[in-house]
Every structure is written in C-alpha cells, then in structure tokens.
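*Asks:*
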Amino acid sequence: MIRKIITFSNQLTTEWVGLSAERQNLSGEVNVLSLEAVVRGALPSGDVIGLKTQSGEIKHRGGYDLTFSAPKSVSYLGLVCGHKEFIDLHLNAIKTVLKLIEKEAAEARKSGKEGMEYEKTGNLCFATILHDTSREQDPQLHVHALLMNFTERLDGKWRALASDISRNHGTMEWIMDNQIFLGLVYRSEIALGLKEMGLEIEHTGDAHGLFEIKHFDKTLLERMSKRRTQVEEHIKGMHSNSLKAYDRATLDSRKSKEVVSPEELRMRWKAESEALGVNPATYLATLKDKTKESHELQAVMSNKELDKSVLDAIAHLEEKKLTFTYQEVLQTSLYFSLGEQGFEALMSRIDQEIDAQNLIALNTENSCFTTSKLINKEQELIKKIVNFTHQKKGIERNTDKVCKLTDNESIQKAVTQALFSKDGVVRIKQQSATSRELLSTLIDYSQDSKKIRILCPSAFSANTINKDMAKSAPTLWQWILSIGKQDLCETVAGFNYRHGSEHKLPFFHSKKEREVLIVDEAQRLAPDEMNTLLSIADRRCAKVIFLEKSQSLSGFKSDIPDLLNKASIKSFEVDDKKVPATSINLIEAQTVEGRILKTAQMYCNLPVNQRQNTKVFTVSKLEAKEVNEAIRTQLKEQGEISSDEKTINTLTRIPLTLSEKNWLKVISPIGY
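Numbered per the numbering used here, the sequence shown finishes at 685, counting up by one with no gaps.
1) Can you tell me where the alpha helix (DSSP H) with His-103 in it begins and where it stops?
2) Suppose you measure from the CA of Lys-414 to the CA of Lys-562; what does that come to, to the nearest Å?
3) Helix, strand or coil for Met-185, going by three-state DSSP, please let me know.
4) Under the DSSP definition of a beta bridge, which residues are partnered with Gln-625?
5) The ligand COA heavy atoms versus the CB of Leu-233: any closer than 6 Å?
6) Which residue comes first and which comes last in the beta strand (DSSP E) that contains Cys-502?
7) Does Ser-471 come out as helix, strand or coil in the three-state DSSP assignment?
8) Please name the residue in Arg-449, Thr-299 and Ile-558 whose C-alpha comes closest to that of Gln-430.
9) Give the DSSP-derived three-state secondary structure of Val-605 in the structure shown.
10) Where DSSP assigns a beta bridge to Met-161, which residues make up the other side?
11) Ile-549 by DSSP, collapsed to three states: which one?
12) Beta-carbon separation of Leu-501 and Ile-467 under 7 Å?
13) Name the two residues that bound the continuous alpha helix (DSSP H) containing Ala-204.
14) In this structure, does DSSP put Arg-180 in helix, strand or coil?
15) Along the chain, where does the beta strand (DSSP E) containing Asp-145 start, and where does it finish?
16) Would you decide whether Ala-643 is buried or exposed? Buried here means 16 or more other CB atoms lie within 10 Å of its CB.
17) First and last residue of the alpha helix (DSSP H) that includes Phe-356?
18) By how many angstroms is the C-alpha of His-73 removed from the C-alpha of Gln-67?
19) The beta strand (DSSP E) that contains Ser-584, what's its start and end?
20) Do three or more CB pairs link the segment 605 to 613 to the segment 572 to 581 at distances below 8 Å?
21) If we ignore side chains and look at the alpha-carbon of each, how far apart do Val-621 and Thr-631 end up?
22) With respect to the alpha helix (DSSP H) encompassing Cys-416, which residues constitute its N-terminal and C-terminal limits?
23) Give the straight-line distance between the Cα atoms of Arg-241 and Asp-368, rounded to the nearest whole angstrom.
24) Mind reading off the beta-carbon distance from Asp-168 to Lys-334? Whole number of angstroms is fine, and I expect it under 8 Å.
25) Determine the direct distance from the alpha carbon of His-221 to that of Met-314, and round the result to whole angstroms.
26) Just to confirm the assignment, what range does the alpha helix (DSSP H) spanning Lys-443 have?
27) Express the C-alpha separation of Glu-526 and Val-532 in angstroms, rounding to a whole number.
28) Per DSSP, what are the beta-bridge partners of Leu-5 in this structure?
29) Less than 7 Å between the C-beta atoms of Ala-175 and Arg-122, yes or no?
30) Which residue's Cα is closest to the Cα of Ala-637: Glu-653, Glu-650, Tyr-458 and Val-605?
31) Is DSSP giving Thr-447 helix, strand or coil here?
32) Measure the Cβ-Cβ separation of Pro-152 and Tyr-199 and say whether it is below 7 Å.
33) Is the CB-CB distance between His-423 and Asp-588 below 7 Å?
34) If you reduce the DSSP assignment to three classes, tell me which class Ser-655 lands in.
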C-alpha cells in the first residue's frame with residue numbers, strides 16, 4: 014500500500030502509464046503535486062474517490078506499490094556499461110506486464126439486482142518511477158509502478174478498485190494470486206530481448222525462473238550484488254525460499270538510502286569492475302563474442318523444438334490435472350520457453366492448439382480446458398471406480414463400540430455405514446480441515462477386523478498423522494518391540510511405488526479383503542496417483558475410503574471431488590467442525606518480532622499439560638517456523654530443553670513430470 018509519497022531521488026525517469034491515466038489527461042513525466050493529489054483521491058477530472066469527513070478531508074487508500082527489479086547482469090550493462098537499450102528493454106517488459114494487469118485485474122464494484130457485483134473495467138493508472146541503485150549503492154534497475162486506487166466503470170463513473178475478502182474478485186487479489194505468473198511474463202520479455210541482442214541466459218536454479226546473462230563474470234556479479242547478499246544472509250535463518258520469505262527478509266534487512274551523485278557512483282562502479290579485470294567499455298562485446306563461440310559448438314535449434322514449450326506445458330499439466338486454465342498453460346509455457354519465445358507468441362501458439370481442438374474448451378469464455386487424453390483418463394478412472402471389486406462381507410455394525418470411541422453422532426453413523434457397506438470404494442466428506450476424530454474413530458473401530466493403512470498425498474501430512482496418532486508404549490519391552498515397526502501412515506506415492514509392481518512377481522500372494530486403505534485429504538490427489546492406487550487396491554480386494562475435507566477446498570482447485578461425483582460413488586457426510594465457546598483476547602504488538610516473541614512467551618508460560626492441548630496458528634509456513642524457533646529459545650532459557658542441539662539437513666524427493674525432466678533447467682544441483 015502507498016502510505017506516503019515516494020521521494021523522487023536517484024530516479025532516471027518517471028511516466029504515467031495506463032488507460033485510466035490517459036482518460037484523466039495524466040501523461041508524460043509524473044509531477045509530484047499531481048501524484049500527491051491522485052493518491053489523496055482527488056482526480057484531475059474533479060471526481061473524488063473516497064469518503065469526505067466533516068472537516069473536508071478525504072479518507073482514501075492511495076494505491077499500491079508494485080516493484081520490478083531487473084536481473085543484476087542487465088542492470089550492469091545498462092548502468093555501468095552505459096548501454097541504454099538494456100534500460101529500454103527493462104521498461105518495455107514492465108509495460109507488457111502492466112498492460113496484462115490492466116486487462117485481467119482491473120475491477121470495480123457496483124450495485125446489481127442480486128446485491129453487490131464486480132465489473133471488469135479494463136483501465137488502470139500507474140505512476141512508474143525508475144531507479145538505478147540498491148540501498149547498498151549497487152547498480153540496480155528497478156521500477157516502482159504505483160498502482161492508483163481508481164478506475165472508470167462502464168457507466169463512466171470513477172470508483173475505487175474492487176477488493177474481495179473471498180479472493181474470488183478484486184484487483185490486488187488477482188495480482189497477489191498471480192505474482193509468479195506476472196514475474197514469468199516480465200522475465201520472458203527480458204530473455205527474448207537479450208536473445209535478439211545476441212546474448213543468452215543462464216538459470217540460477219530458482220523455482221520461479223530467475224536468470225542472469227550467460228558467461229557473465231560470477232565474481233563481478235557477487236561484487237555488484239551486496240544488497241541481495243544481505244537479503245540471502247537474512248533469509249538463511251528463516252528456513253524458507255518462498256516469495257513471502259524474500260519479501261520479509263527484504264523489509265527486515267533494509268536501511269535508508271544515501272544520496273550519492275550519479276557521477277560518483279559511475280566512477281565507483283568502474284573502479285570495482287577494473288579491479289576484477291573487467292572493462293565496462295568493452296564488456297558487452299566480450300559477452301557477445303563468448304555467446305557466438307558457444308553457439309558454434311551447439312546444434313541449431315529447429316522450429317519444432319521452439320514450438321515444443323507449449324506442447325510440453327500441456328503434457329506437464331496432463332500428468333497433474335484433469336482440467337486446467339488458459340493461464341496455467343501460459344504460465345507453464347513461459348517457464349519452459351524462457352528466452353526462446355515471447356509472451357504474445359506463446360499466446361498465439363496456445364490459440365492454435367485451441368483452434369485445432371487439441372485443447373478442448375469446457376466453457377464459453379475459453380478459460381478452462383481439457384484434452385482428449387484427459388477425457389479418456391477421466392473415463393478410465395470413472396470406469397475403474399464403478400467396476401471396483403465389491404467386498405464379500407462388510408464390518409458388522411457395533412453401536413456400543415463406536416459410541417465409546419466418539420460422541421459425535423454424524424461420525425458414528427458415517428463410520429459404521431462406510432465400513433458395513435460392501436462397496437469397494439466409498440467417500441466420507443468431513444467439514445473440518447484439521448480434526449482427526451473421524452480418522453482415529455475409523456482406525457480404532459476397524460483395526461480388529463482389518464489391516465489399516467493410512468495414505469496421504471504429501472509427506473508433511475503423513476508425518477503429522479504419524480505424530481498425532483502415535484501412542485506411547487506403556488512398558489519398556491513394548492517400546493523396544495515398536496522400534497523399526499512400519500509407520501501407520503505413508504504417502505500415496507510411496508505406497509504406489511512399493512506395491513505397484515509386486516503383483517507381477519510369480520511368487521506374490523495377497524490375502525484378499527484383509528485391508529482398509531484410508532486416503533486422507535483425497536481432494537489433493539493427482540489423477541494418475543488415484544489411478545495407480547485403485548489398480549493396486551482392486552488387485553488386493555482392499556476397501557478404499559476417501560476422506561474429503563470440504564473446508565480445504567476453499568480457494569483450492571481440485572478435479573477429484575467432481576470425478577467422484579461423476580462415478581456416483583457412495584458418499585457419507587460428517588459434521589465435525591467444532592464451534593467452541595471461546596473468549597477472544599486481543600494483544601497488540603508494535604512489530605512482527607514483538608508479536609512472535611509475545612506468542613512464544615504466552616505458550617511457554619502455560620503449564621505442560623495445557624501446552625499439549627494448545628495449538629498456535631500463524632498466517633504462513635514462514636511465520637510458523639519463526640514462532641517455533643522463538644518457542645525453542647524460550648524453553649532453552651527456562652531450562653526445559655537442552656541448549657545443545659544439532660541440525661540435520663535432509664533431502665526431500667520431488668517427483669518431476671516427463672516434461673520437466675526434458676527441460677534440464679528445472680533440475681537444480683543438490684547442495685550439501
């Protein structure tokens with residue numbers, strides 16, 4: 014959010030951008046007085062955005078600051094070497110992104126017949142300010158694109174940008190939800206421009222497609238990246254490489270900018286370069302020569318290979334989904350083709366696939382698609398579910414037993430009916446995303462009759478369930494016997510890998526109808542995972558129970574619930590969402606660090622028995638790590654845990670699609 018006007022210091026250029034700016038006669042360089050007025054909500058047309066108080070003051074959120082930073086090597090060639098075409102490339106790439114935001118995200122609210130409605134307006138106003146230095150006075154091309162909080166509706170009225178707490182609508186909501194996509198559009202334009210200049214790119218191993226110019230001196234890059242080094246050092250203690258972590262580290266580690274004359278900066282940068290044996294005057298020519306030599310050693314890429322990014326993107330999505338959006342195809346294509354094809358060219362190539370019916374539209378807006386391969390896959394899955402082997406005998410109902418396990422009548426009913434049913438595959442829909450009551454009741458009720466296997470889509474969920482469900486051994490001997498025993502829960506991928514081929518062995522024999530496979534968070538399964546799992550379960554005549562968490566579907570797109578509906582699977586519903594009568598105490602803290610410290614202190618001040626029944630919720634995984642570390646620090650200071658500790662780094666297997674394996678840039682080297 015724009016809380017104050019950005020001071021125009023060390024800026025190279027400013028410019029008004031967008032259709033809203035044009036309609037308000039805001040063009041050319043950004044005037045400070047005009048910007049201040051617009052941020053207050055007073056438009057040049059005389060319209061006022063916001064609420065006027067009795068004193069005449071306008072209460073209005075001014076807007077939002079969108080920041081775009083060029084790759085360090087691009088900044089160096091534009092600022093230190095003095096090649097203006099790299100600055101223009103940076104600015105034009107940003108304008109491409111802003112035009113896309115204007116087309117897709119611009120929304121205003123209006124009153125309709127059925128209440129509040131959202132209207133796509135297609136016009137926005139940006140004040141772009143180009144700066145040339147980081148806070149450590151390194152060369153750093155970056156633009157503050159100040160998004161003004163107003164747009165013109167179709168009826169000609171000027172209104173504030175829409176927002177929506179459900180995140181189904183809203184201008185900034187769309188921008189925040191599509192940060193990775195917008196970043197890929199920007200980098201794709203930069204990469205394509207560099208290629209046209211006779212240069213190549215080299216990926217840095219980042220998951221979001223970050224890159225630098227190939228053959229650029231690594232030592233020089235580090236010397237000119239003191240600010241990034243600061244952020245990376247700050248982030249090491251966060252144990253996360255997410256966008257949110259980088260945002261937090263950037264804010265927490267920054268200091269005020271000092272104002273240094275451009276001439277002094279150029280001399281400083283030139284001296285640092287020459288100390289490393291790099292001559293800024295001839296460095297671009299050196300890079301082009303190295304790129305040319307590299308090209309002569311490589312085979313020329315054919316037009317077919319240039320086109321394969323879109324086809325690989327579709328194939329990649331086919332392995333993960335049954336349906337996907339236009340934007341998902343475009344985002345994946347951008348990632349695979351970075352530096353080979355531009356944004357507009359990729360859209361044209363995707364449109365060709367739509368016209369050829371290789372992408373089959375599922376709605377009139379051409380926003381959601383499937384393919385003939387996915388239609389066949391869906392039909393195969395439905396057929397597999399419908400024809401799944403029935404159980405010869407269900408688990409007999411035992412009302413007394415289930416009542417001892419839970420007081421929740423809907424859980425009692427669902428558990429007894431699901432396990433008594435002879436259907437080989439059933440689904441239980443539960444309201445709560447966190448409650449384990451249904452799962453524990455299923456386990457305890459059926460474990461005397463069947464062998465229970467709990468399966469989860471992710472290793473994190475599997476580990477959490479194993480921890481939550483673990484029962485401490487009452488005796489030392491039982492504890493010794495439990496060592497090495499298989500965990501109750503494992504991942505679906507792990508189960509499929511271990512049991513997928515064993516049925517082909519000549520000596521394999523499985524006792525039929527002896528197992529119950531309970532799949533937690535079934536809505537997060539990939540179609541291929543489900544297909545393999547059902548094949549294994551059917552050969553073993555196992556009963557499969559899918560647990561679908563309705564609350565987890567909020568804001569999460571899944572094909573699985575609709576697939577199970579089409580298969581007319583027998584379903585049971587459970588109301589396990591507790592509404593506790595809880596008092597709310599609001600405790601204020603001035604800083605993020607202060608809030609985390611207070612949270613840790615409150616938790617550690619609880620008696621040990623209360624801590625076991627206390628959950629601490631945070632807004633992100635990053636903050637959860639910070640709170641956990643703060644709690645550990647408090648417990649060490651209180652002498653409850655040892656101050657001596659050892660960190661053990663582990664590697665997590667990340668499955669790649671065939672398309673990802675074909676593009677080596679997605680495979681980053683493993684660091685030890």
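The beta carbon of each residue, even a glycine, is placed where N, CA and C say it ideally should be.
Note that the structure is a prediction, hence the values are computed from the model and not measured.
*Replies:* A quick look at the data gives this:
1) 97 to 118
2) 25 Å
3) The three-state secondary structure of Met-185, taken from DSSP, is helix.
4) DSSP lists no partner for Gln-625.
5) Absence of the ligand COA from the depicted structure is noted, as is the absence of any ligand whatsoever, leaving it without description.
6) 502 to 504
7) coil
8) Ile-558
9) helix
10) Gly-76
11) Three-state DSSP puts Ile-549 in a helix.
12) Yes, these two residues count as a Cβ contact at 7 Å.
13) 192 to 209
14) coil
15) 139 to 146
16) buried
17) Residue range 356 to 368 is occupied by the alpha helix (DSSP H) that includes Phe-356.
18) 15 Å
19) 583 to 587
20) no
21) 21 Å
22) 412 to 418
23) Since pLDDT at Arg-241 reaches only 49, below the 50 mark, its modelled position is unreliable, and the value read off the structure follows with that caveat. Spanning the two alpha carbons is a distance of roughly 45 Å.
24) The Cβ separation is near 39 Å, so there is no contact.
25) Confidence at Met-314 is low in this model, with a pLDDT of 47, below 50, so its placement is unreliable and no value can be given for it.
26) Note that residue 443 is Gln in the sequence shown here, rather than Lys. Per DSSP, Gln-443 belongs to no alpha helix (DSSP H); it is in the beta strand (DSSP E), 438 to 443.
27) 17 Å
28) Outside the displayed span of the chain (14 to 685) sits residue 5, for which this structure offers no information.
29) yes
30) Val-605
31) Reduced to three states, the DSSP call for Thr-447 is coil.
32) no
33) The sequence shown places Ser at residue 423, rather than the His named in the question. Yes, Cβ-Cβ distance for Ser-423 and Asp-588 is below 7 Å.
34) coil
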